[in-house]
Every structure is written in structure tokens, then in C-alpha cells.
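Asks: I have a structure I would like to understand better, so I am pasting it below and will then ask my questions one at a time.
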Amino acid sequence: MARKKAKNSTGTGILIIFALAFGAFASIPKNAWIAIGIVACIVAIMWLLATRTKRQLEQIQRSASATTHLREPRSKDVTFSMHEVASSNMSEEPSDFFTVQLGSPPSASFKIPDASKQKSDTRWVPAGESVTVSGFSLPGGMLYVGSALGRYDAQEPSLINPKLRITKSYVDIEERLMPYWPSFHSISPEARRGYLQWLEGGRRDPLADTGYVFLFFYGLERRALVDAVSDPQVKAEIPLITKEVQRLLDIYGDNRSFRGYAEGFLDYLSNQALNPNLYLGPPPDAVAYSYEMPLPLRIGLGQHAANKRPLDANWALAWALADPNISKRTPVTRCKEVFAALFKLKYASTHPTGLILAQNKTKLKASYRPASAVLMAPAVNLGDLPDVMATSGTRKNLQLIVELCTSELEPYSRYLGRNAENAEALEGLLQLPVTLWPAPARAELDDLQHRIGDDLIAMSFGELAGRFKSAGALSRDKVLALARALESLHIGMEPDVLAGSKTPKAEDQIALFVTQP
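Encoded structure:
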């Protein structure tokens, strides 16, 4: 009875424990059950993968042991192809094999060839040398030819790979066939042929798509920014590269994008050795509407500031033209010579002793952003020069003079817009102060003054107008303007139209005489 009672007590205890456990499980939230299920699935998947990997390794070892036995029972070397695991096909090419020692201590017999030590077929074709690629004879050299140059993720875009496909049909090189950043290995076969056609033609077709020019330009950048840095012999080629870039600028400089990169590249190359006395000479040539101020000009202006040298009219004009932050309207470029002369006159009268540039704390840093997307240019050490572009005081003064000159030249600019072929005709010159007349017209005025002397001379009005290339009969406004121009040189005219006399005709006689100041 006691034993039976104990048995019943045990069963009752089990039921109580089961009920408590069931209650505990039932109290677990649903989200917790989901998390437990996910963890269990992950563990199961990892276990299956580990088991599968172990079986594959055992299979490879058995295959290697069998191969060793077939080759030479006394040796523990096993030779097999990397492709054998996938296809079980043995290869006779030794380049596809490597050796593994089984059942022996670690050995140095396992070795993968170093790709960097393998012989490359890529070379730089020197200037003046011709090379033939895919049947095209490319004169002039200065390009890379081969199958690989640069890192895998940064292949040289200008590299001409003869192994790549070239279309057989002729290509119109005026048509745009390439993206903004072209690369020989990624462009189409048609674009590759167009590029080879352009190279074969001497790189001088003015109507060719600018993409071909950039593709060639990338190679010049690499030669100067990469190869020349570590090789003194390559550095000696810089003058030839500079000459070639300048030649390309003369042909394709109308493209603003290419002009910006090419001029920046030339500035960068020309300032590798800094001239400490650059500011003492004339300013570098400046072009209006450039993307940024040329580096030599910024260096010269920085030297002006560092040495507290007053800025003369020539340097002030160069700054005004090259600074992209100074707004400039059409007269600046349409009549640039007249604008330059007027600007210098205005600057000299406004700042007779010249402006002193502020020595700001921002230092000049010279850099060049290559057109090639895979290159970076080393920084140029410019010493302790202030960056004048970081200040606004001088710029505001120059902007004011530019606006004054532009307003004064607008009538003449409009005349040139309608009569570009008659830029030196009297009708146009009368839109300008006499001091700004071109040299031929000034020579005629000097001759008149010499003939008049202290007396007077007589001639027909048509003869007078003809001496200044008049295009026809002058209106009264033009005759009045001519009389004022002569009066500014102390030459009087009779009949005196300024006093109200009638407008003379071409056949009417007039008298020119000297007047007192």
C-alpha cells in the first residue's frame, strides 16, 4: 500500500510540474516565440552548410590522394588544376597548376605569381615617333599604347589598347560618340575608330569632337603629373608637352571646358619653379570670362601684397579681366582694345599712385584639378604669399571702374555689333573720345594739325570726312560730334556748326584753323 501510494504521489507531482511548465510557456509572448524560431532556423542552416563544406573537403582530399597514387607512389606531391574541382578535367598547361605537399610539414612550394613583376606590353610613344595601331599610322607620338596601365579600378583612359575591337566602317569625327569623361577601353568600337582617325590626321581637325582632344589630353596629363615626378628623364619632356598643349589650344581653344583645363595645366607646369620677382615685370596675359584667375597672375598679385608694391594700371587691368567675380558685359570683349585703353585712363585718374593690396591671412595654395578622372596633381609650394582672391576691397574698386568704362563704351559696342566690318569708320569713331581713336585715325588728326600749323587750310567737307573713312553722308548729329572732336584738339571749323550754322554737304568748302586753348 505504501509503495502504491508513493507511485501515485510521483505521478501527481509530474502532472503538477507539467502544468506549471505549460503555464510558463503559455505566458511567453508571441514575439518571443518568433525570435526563438528564427534563431533555431539560423542555427540549422549553419549546421547544414558546415556539414556540406566538410564533405566537399573530404572529397577533394580523396581525389588528391588518388592522383598522387597514379603519378608516383613514392612522392607525396599532388598537382592539380584550379579548374579541376569544378569540371574534373585535367590540363597540361603548367601555368594553371600549383603544388601542395600532403602529409608533410608546411612548405614554400605553394606560390602565386606576382602580377607586378610580369613584363608589361604598355609603352609611351615618344614625341615625333609614329606607331601603327589596327592599321592606322599615328604620327607625332606622345601617347600610351598597350593592354594595361594603372590600377584595375583606375585604368588610364587614354591608353590605346590594340586588342580592343575597332569598327571597320568610316566614322564622322564631328559626331559626338563619347560620354563627358571618355575612356578608350570603355567607348564604343565606332568611337575608337573615330579617335584613331583623328590621331592619324595629325590631331588638327578643327571640326572634330572635343572628346577626342580630351582623350589625348589625358595622356599628356599622366606623363607630366605621374611619370615625370619620379623620372628626371621624363621631366625633360615637359617643354614638349607644353608646346603640344599650346598647339591644341590654338585649334580647340574656343571650347571653354578644354580651354579651362588646358590653361590651368600650363599654369601648373610653368610654376613648378617660382619666380620671386614676377611682380616686377608685366602681368601675365589675362582673358575675360575665364573660370578662375590664372595661377601666375595670382602669384604676381600675392607678391605685390607681400612686398607692399602699388598696383599699376596694367596689373589692375589684368586682375579685372581675369577675376570671375568681377562682372563684365559685352563691351569688354567686343571692343577689348578700346576697353583696355579706357580702363587704364580711368584707373590712372582715380588711383594715380596705385592701390596697395591688403596682406590678408589667407595664404595662396596652388593646385590643379586634372581633366582625367583617375589622376591627382601634387601641390605646388608657393611660399608665404597671401591670396588676393580672398579679399573684396580691391575687387570692389576695380568693379566700379569696369562699370564706368562699360557704360561709356556701350554706344560704340552697339555700332560694332551692327557694323563689325567698319570698326574704324568715322561713324563708329565718333562714338568714342578722341584719345581712344585707333592709330590710323590718330595719324590723320596729327597730319591735320601739322598742315594747319599757326594758319588755316581749306578743303571740301567730303574730303575731310573721307580722310577718316566715312561710309557716306553724315547726319547733323555726326557732324556736330566731328566738330567737337576737332575742337578737343584746338582745331576750329568754319562754317561753325557748333554755333548753329547749317550742316555742310560733301561738296561744300570748309576752313580748318587753329584755336586758342
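Mapping of the sequence shown onto the UniProt record's numbering: position 6 corresponds to residue 6, and the numbering continues sequentially without gaps.
Every residue gets a Cβ at the ideal spot worked out from N, C-alpha and C, and that includes glycine.
No experiment lies behind these values; they were computed from the predicted model shown.
1) Go to E175, then tell me how far its alpha helix (DSSP H) extends in each direction, as first and last residue.
2) Determine the contact status of A208 and E237, defining contact as a CB-CB distance below 8 Å.
3) Using 8 Å as the threshold, is the stretch 400-408 in touch with the stretch 421-431, meaning 3 or more CB pairs across them?
4) Three or more C-beta pairs closer than 8 Å, one from the stretch 283-297 and one from the stretch 311-326: is that the case here?
5) Hey, could you find the ends of the alpha helix (DSSP H) A262 is sitting in?
6) Ignoring anything shorter than 4 residues or poking outside the stretch 328-413, list the alpha helix (DSSP H) runs there in chain order.
7) My understanding is that Y268 touches L295, with C-beta atoms under 8 Å, so please give their C-beta distance in whole angstroms.
8) In the DSSP assignment, the beta strand (DSSP E) including E494 goes from what residue to what residue?
9) So F258 packs on V213, CB below 8 Å; how close in whole Å?
10) Using a threshold of 8 Å, state whether the C-beta atoms of P206 and S372 are closer than that.
11) How about the stretch 325-340 and the stretch 295-308: do they share at least three Cβ pairs that are nearer than 8 Å?
12) Checking 8 Å against the spacing of the C-beta atoms, do N271 and A366 come in under that value?
13) Identify every residue that forms a DSSP beta bridge with I510.
14) Between the stretch 242-255 and the stretch 176-192, are three or more C-beta pairs nearer than 8 Å?
15) To the nearest angstrom, how far is it from the Cα of L464 to the Cα of V479?
16) Mind pulling the alpha helix (DSSP H) runs of 4 or more residues that sit fully within the stretch 415-481?
17) Based on the DSSP secondary-structure assignment, which residues constitute the bridge partners of R123?
18) Leaving out five residues before and five after V497 in sequence, what residues of the same chain have Cβ atoms less than 8 Å from its Cβ?
19) Could you tell me the alpha carbon to alpha carbon distance between T122 and W47, rounded to whole angstroms?
20) Give the straight-line distance between the Cα atoms of A358 and R395, rounded to the nearest whole angstrom.
21) Does the Cβ-Cβ distance between E200 and L138 come in under 8 Å?
22) What are the start and end residues of the alpha helix (DSSP H) that includes T132?
23) CA-CA distance, G150 and V226?
24) Three or more beta-carbon pairs under 8 Å between the stretch 343-358 and the stretch 375-394, yes or no?
25) From G194 to I160, what does the alpha carbon distance come to, in whole angstroms?
26) Please report the Cβ distance between M293 and A316, rounded to the nearest whole angstrom; I am assuming they are in contact, meaning their Cβ atoms lie under 8 Å.
27) Taking the Cβ atom as the reference point for each residue, do R165 and P126 lie within a distance shorter than 8 Å?
28) If we ignore side chains and look at the alpha-carbon of each, how far apart do P411 and Y218 end up?
29) Can you have a look at Y291 and say buried or exposed, based on whether 16 or more other CB atoms are within 10 angstroms of its CB?
30) From which residue to which residue does the alpha helix (DSSP H) around L295 run?
31) Below 8 Å on the Cβ atoms is my guess for G202 versus Y368; work out the distance and round it to an integer in Å.
Replies: With the given structure in hand:
1) Reading the sequence shown from its first residue, position 175 is the one you call residue 175. E175 -> no alpha helix (DSSP H), and no H or E assigned at all.
2) One-based indexing of the sequence shown puts residue 208 at position 208. One-based indexing of the sequence shown puts residue 237 at position 237. For A208 and E237, no; Cβs fall outside 8 Å.
3) no
4) yes
5) On the sequence shown, residue 262 is found 262 positions in, with the first residue counted as 1. Start and end: 256-270.
6) 330-334, 336-350
7) Sequence index remark: in the sequence shown, residue 268 carries index 268 (1-based). Sequence index remark: in the sequence shown, residue 295 carries index 295 (1-based). The Cβ separation is near 7 Å, so the contact holds.
8) Here residue 494 refers to the residue found at position 494 when the sequence shown is read from its first residue. Unbroken beta strand (DSSP E) run through E494: 491-494.
9) Sequence index remark: in the sequence shown, residue 258 carries index 258 (1-based). Sequence index remark: in the sequence shown, residue 213 carries index 213 (1-based). Correct: roughly 6 Å between the Cβ atoms.
10) For the purposes of this step, residue 206 is taken as the residue at position 206 of the sequence shown. For the purposes of this step, residue 372 is taken as the residue at position 372 of the sequence shown. No, the pair does not count as a contact, with Cβ atoms beyond the cut-off.
11) no
12) By 1-based counting over the sequence shown, the position of residue 271 is 271. By 1-based counting over the sequence shown, the position of residue 366 is 366. Contact: yes.
13) Here residue 510 refers to the residue found at position 510 when the sequence shown is read from its first residue. M459, per the DSSP bridge assignment.
14) no
15) Position 464 of the sequence shown, counting from 1, holds the residue named residue 464. Position 479 of the sequence shown, counting from 1, holds the residue named residue 479. The straight-line gap from Cα to Cα measures roughly 11 Å.
16) 426-429, 439-452, 461-467
17) To locate residue 123, count along the sequence shown from 1; it is residue 123. Partner(s): V145.
18) Position 497 of the sequence shown, counted from the first residue, corresponds to residue 497. Correct list, in chain order: R476, V479, L480, A483, T503, P504.
19) On the sequence shown, residue 122 is found 122 positions in, with the first residue counted as 1. On the sequence shown, residue 47 is found 47 positions in, with the first residue counted as 1. Approximately 50 Å, taken between the alpha carbons.
20) Mapped onto the sequence shown, residue 358 falls at position 358. Mapped onto the sequence shown, residue 395 falls at position 395. About 11 Å.
21) On the sequence shown, residue 200 is found 200 positions in, with the first residue counted as 1. On the sequence shown, residue 138 is found 138 positions in, with the first residue counted as 1. Against a cut-off of 8 Å, the Cβ pair of L138 and E200 comes out as a contact.
22) Taking the first residue of the sequence shown as position 1, residue 132 is located at position 132. First-last for T132: 131-133, but that is the beta strand (DSSP E), not the alpha helix (DSSP H).
23) On the sequence shown, residue 150 is found 150 positions in, with the first residue counted as 1. On the sequence shown, residue 226 is found 226 positions in, with the first residue counted as 1. C-alpha separation (whole angstroms): 11 Å.
24) yes
25) One-based indexing of the sequence shown puts residue 194 at position 194. One-based indexing of the sequence shown puts residue 160 at position 160. Computed Cα separation, rounded: 13 Å.
26) Mapped onto the sequence shown, residue 293 falls at position 293. Mapped onto the sequence shown, residue 316 falls at position 316. In fact, because the Cβ distance is near 13 Å, the residues do not count as touching under 8 Å.
27) Residue 165 sits at position 165 when you count from the first residue of the sequence shown. Residue 126 sits at position 126 when you count from the first residue of the sequence shown. No, these two residues do not count as a Cβ contact at 8 Å.
28) Here residue 411 refers to the residue found at position 411 when the sequence shown is read from its first residue. Here residue 218 refers to the residue found at position 218 when the sequence shown is read from its first residue. For P411 and Y218, the distance between alpha carbons rounds to 45 Å.
29) Within the sequence shown, residue 291 is the residue found at index 291, counting from 1. Exposed is the call here.
30) The sequence position of residue 295 within the sequence shown is 295, counting from 1. 295-306 is the span of the alpha helix (DSSP H), which, as asked, contains L295.
31) Taking the sequence shown and counting its residues from 1, the one referred to as residue 202 is at position 202. Taking the sequence shown and counting its residues from 1, the one referred to as residue 368 is at position 368. Going by Cβ atoms, the distance from G202 to Y368 rounds to 27 Å, so no, they are not a contact pair.
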